[in-house]
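Enquirer: Right, I'll just put the structure down here and ask away after.
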């Protein structure tokens, strides 16, 4: 599964679980480097997720790492999600699910 296929799959799942607000930069070539791929909002549970998607073998760039760490350090729900993480992602996308967290090795 490519990163884009995975991102689209998760967006569909998020929509089904009530994450009615979503933002994705479609063309990042003209944007500052590092901003997460998607931002999801769930008005009912008052949660916002900042998510970077990668394939199972995809590498994270330094600018992405910097932004993800910054957002997490500010107390925001932040994740680096890969297809192999799908069982945990499904749990996180439940309105009352666990908070998204960055992997320890980021």
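Numbering (the working numbering), first residue to last: 29 to 134. Each residue gets a CB set at the ideal place from its N, CA and C atoms; glycine is no exception. Everything numeric in this text was worked out from a predicted model, so none of it was measured.
From this set, 130, 112, 75, which residue's C-alpha is nearest residue 30's C-alpha?
Expert: As a first step, residue 30 is located in the chain shown; it is residue number 2 there, counting from the start. When only C-alpha atoms are compared, the closest one is 112.
Enquirer: Based on DSSP bridge pairs, tell me the residues matched to residue 164.
Expert: Any question about residue 164 goes unanswered here, given that the chain covers just 29 to 134.
Enquirer: Tell me whether the region 97–107 and the region 45–61 touch, counting them as touching only if at least three CB pairs, one residue from each stretch, are closer than 8 Å.
Expert: no
Enquirer: Quick one, are the C-beta atoms of residue 81 and residue 106 less than 8 Å apart?
Expert: Indexing the chain shown from 1 puts residue 81 at position 53. Indexing the chain shown from 1 puts residue 106 at position 78. For residue 81 and residue 106, no; Cβs fall outside 8 Å.
Enquirer: Here's the rule: buried if 16 or more other CB atoms are within 10 angstroms of the residue's CB, otherwise exposed. What is residue 64?
Expert: To locate residue 64, count along the chain shown from 1; it is residue 36. Burial call: buried.
Enquirer: Per DSSP, what kind of secondary structure is residue 109 in: helix, strand or coil?
Expert: Within the chain shown, the letter at position 81 stands for residue 109. In the structure shown, residue 109 sits in a strand (DSSP, three-state: E or B).
Enquirer: Roughly how far, in whole angstroms, is the beta-carbon of residue 120 from the beta-carbon of residue 126, given that I think they are within contact range, below 8 Å?
Expert: Reading the chain shown from its first residue, position 92 is the one you call residue 120. Reading the chain shown from its first residue, position 98 is the one you call residue 126. Indeed, because the Cβ distance is near 6 Å, the residues count as touching under 8 Å.
Enquirer: Report the three-state DSSP secondary structure of residue 41 (helix, strand or coil).
Expert: Taking the first residue of the chain shown as position 1, residue 41 is located at position 13. Of the three classes helix, strand and coil, the one that applies to residue 41 here is helix, per DSSP.
Enquirer: State the beta-bridge partners of residue 50 as determined by DSSP.
Expert: Within the chain shown, the letter at position 22 stands for residue 50. Answer by DSSP bridge pairing, in chain order: 68.
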